[in-house]
Every structure is written in structure tokens, then in C-alpha cells.
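For what it's worth, full-length UniProt numbering labels the leading residue of the sequence shown as 1, then goes sequentially.
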Amino acid sequence: MSFGRPPTINSGFKVTPPDRGSFPLDHYAECKEQMTLYMNCLNKNANTSEACRDLTKQYLDCRMRKGLMQKEEWASLGLSNVDKGPPGGDGSNRPANKI
């Protein structure tokens, strides 16, 4: 290898797609409100997602409705027992810490 030359590409490397398909970026901020609510909930709860599961479901539901994510069953995402709650919820209906 020398400086100024393009790097050597390993011909044995194969790119594999993700297990659950693509997860495109939300370039047009179609689900920004749900994402912001979810991130704020995580910040309030020391990055513990259990307290924000209702907001997780709202965010993923938005992404599926807008075509930003492949539609999946809630059970396969581990969210079948979570109510979506009112739109714009803040995750406060979940305990911050489980005992």
C-alpha cells in the first residue's frame, strides 16, 4: 500500500441486506413529532426505553403508515401488549423504574 493510491478492495467481502429490510431516513420529517417525543421521554427516563414503549409504538406506527418502514406485526416487534395511548403522549403512563 502506498499513499496517493486508492485502497485495495477485498474481493471476498459480500454485502448483505439487513434482516428486516431497509430503514430509510425521514428526509421530509414526516414522523419528527413522534421521534422528538420519544427522544425526550428517553432523556427524562435515563435512556430506559421501557418507560417509553407507548411512544415507541406511536413512532413505529407513523413510520409504517408513511412507508418509511416495512409493515410488521406488533408481536414481532415486541410491542403487542402496549397500548398506543393518546396521540402526543409523553410516556408518563409507564413507570420510570421497575422494582
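Cβ coordinates follow ideal geometry from the N, Cα and C atoms, glycine included.
The three-state reading of DSSP puts K66 in coil, since its state is none of H, G, I, E or B. Here Q70 is exposed, its C-beta having fewer than 16 other C-beta atoms within 10 Å.
Here C52 is not near L60, since their CB atoms are 8 Å or more apart. One thing to note: L68 has its Cβ within 8 Å of the Cβ of P24.
In this chain, Y28 is not harboured by any alpha helix (DSSP H), its DSSP state being neither H nor E. T56 is a Cβ neighbour of L79, given a cutoff of 8 Å. With fewer than 16 other Cβ atoms inside 10 Å of its own Cβ, D19 counts as exposed.
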